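Heads up: the structure comes next, in structure tokens.
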Amino acid sequence: MSSPAEKHAVVIGGGPAGLFAAERLRAAGLQVDLYETKGSPGRKFLIAGKGGLNLTHSDPRPLFDSRYRERQAQVGRWLDGFDAEALRHWAQGLGVDTYVGSSGRVFPVDRKAAPLLRGWVRRLKEQGVRFHVQHHWLGWNGDGSLRLRNEDGEIGVHADATVLALGGGSWPQLGSDGGWTAVLQQHGVAVAPLQSANCGFDIDWSVHFRQRHAGAPLKPVIAHWPDLQGQPQQLQGECVISEYGIEGSLIYALAADLRETLNRQGRAQLELDLVPGREEARLLADLGRPRRGRSFGEHLRRAAGLDAVKAGLLFEVLGKDAGNDLHAVARTLKRLPLRLLRPRPMAETISTAGGVRLEAMDDGLMLTALPGVFCAGEMLDWEAPTGGYLLTACYASGLRAAEGAITWLAQR
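The letter at position 296 of the sequence shown is residue 296 when you use UniProt numbering, and the numbering goes up by one with no holes.
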């Protein structure tokens, strides 16, 4: 039987899932080569951390697991091996202390991604992980070797085990272009179509509203929508009017339900309560006060506390003569309907849904159609809202795939 040091593992993809898989494989004594399509690893990790690196979330389990929706049982098993607390402890080992913000999200104390990534890559190199940048994975040769293209042409690389961590289809300029889907499907791997997740939605605004209010924040508002079982749901938060429609943290949290409703029914409606904390009856009484010569827009501001964008939304739905029916105004301000046309394109979304179906893998994340090939990260068929859940599952799946590879190699 060969020793671990004689075994060779290859990781394709230098995001968090790939880097963490490489770390675990190397710790097991394997020879590890990591190939990254861009000029340096962790490009999307750096961009995601621009506004403050949201590493994970302080939600207790099993609430944490529930954020993964239909995949919570499977992702929960990954989290059994590496959860939010383990991620914070791991970051501390790189000299990065973390804190819990007011929303429950967990950040590095300096809120920066670059120091953590630099320290991580440096440590991996010191541990013996060999990095190869600007190498694009193409699939496999007839002899089973990996096909990779670099600036000098195509090369073949033999591996005893391979971990694919190729990302989804969001932000393709950073390396995750989803091109791997066709390659895996050609080898009999079941792949769910990639779709936008944590995304905004198109709405057919009037030219006047778009030109006047694009970029304006809506806060606070309460979103009302039916989930996929038809049950009414609501969530308070903040969002932003965009030139094409609506986006922001509140919308991203609902995106999976809204996208799937569009997929199933061809239409989806979101309703917004623009005046949380003020009941319809009180609102009607407030609006019924004398205007004293003021315009109805100014009356809305004084009587109902509406800012320009909320008043604009009201007029967008009810028209310029909205003030003629105060009952309709009060009712609409509490449940303003927005018809969603489609999710925004994958290329501009935070993450994607779809990917390698978990049913196409064993419990160690090895592809049943391709023994010795493991997958991790966003290329798997799961999704989660923003808030640190995405990153945590990428780490946990990277570890799961690496440990699957270690176990599989030990049995050969």
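Glycine is no exception: its CB is placed at the ideal position from the N, C-alpha and C atoms.
The model shown is predicted, which means the values in this text are computed figures rather than measured ones.
The three-state secondary structure of Thr407, taken from DSSP, is helix. Annotation for Asp286: Ala303 and Ala304 place their beta carbon closer than 7 Å to its own, counting only its chain and skipping 5 residues before and after.
Assignment of beta-bridge partners to Glu280 by DSSP yields no partner.
Gly142 and Pro371 have their alpha carbons spaced roughly 15 Å apart. At the C-beta level, Leu270 and Leu338 come within 7 Å of one another. For a cut-off of 8 Å, the C-beta gap from Leu148 to His136 is around 7 Å, short enough to register as a contact. Ranking Ala255, Tyr395 and Asp363 by CA distance to the CA of Ala73 puts Asp363 first. Taking C-alpha positions only, Asn54 is separated from Tyr252 by approximately 15 Å. In the structure shown, His136 falls within a strand segment according to DSSP collapsed to helix, strand and coil. Around the beta carbon of Lys44, a 10 Å sphere encloses 16 or more other beta carbons of the protein chains shown; the residue is thus reported as buried. When C-beta atoms of the segment 31–48 are compared with those of the segment 4–13, three or more pairs fall below 8 Å, so the two segments count as touching. The Cβ neighbour count for Glu243, taken over all protein chains shown within 10 Å, is under 16; the residue is labelled exposed. Counting the other Cβ atoms within 10 Å of the Cβ of Tyr99 gives fewer than 16, which makes it exposed. With a 10 Å radius around the Cβ and a threshold of 16 neighbouring Cβ atoms, Lys310 comes out buried. Rounded to the nearest whole angstrom, the CA to CA distance from Val240 to Val221 is 11 Å. Considering only Thr332, Gly215, Ala376 and Gly237, the residue with the shortest C-alpha distance to Ala281 is Thr332. Sequence-distant partners of Ala161 (beyond 5 residues in either direction) whose C-beta falls short of 6 Å from its own C-beta, in its chain, are Ala9, Gly372, Ala405 and Leu409. Considered as a whole, the segment 142–195 harbours 180–186 as its complete alpha helix (DSSP H) runs of no fewer than 4 residues, in chain order. In this structure, Leu340 keeps its C-beta atom at 7 Å or more from the C-beta atom of Ala393. Annotation for Glu243: no beta strand (DSSP E) segment contains it, and DSSP assigns it neither H nor E. Excluding its 5 nearest sequence neighbours in each direction, Asn198 has C-beta neighbours in its own chain below 7 Å: Tyr252, Ala255, Thr349, Ile350, Ser351, Pro385 and Thr386, listed in chain order.
For the set Leu306, Gly175, Ala347 and Ser295, the Cα lying nearest the Cα of Gly323 is the one of Ser295. Arg339: member of the beta strand (DSSP E) spanning Leu336 to Leu340, first to last residue. At a Cβ-Cβ threshold of 7 Å, Leu336 and Leu313 count as neighbours. DSSP places Val309 within a helical segment (H, G or I) once states are collapsed to three. The shortest CA-to-CA distance from Ala360 to any of Leu318, Ser103 and His187 is the one to His187.
With a minimum length of 3 residues, the unbroken runs of beta strand (DSSP E) contained wholly in the segment 88–137 fall at 98–100, 105–108 and 130–133. Residue state for Trp382 is assigned as coil, using DSSP reduced to three classes.
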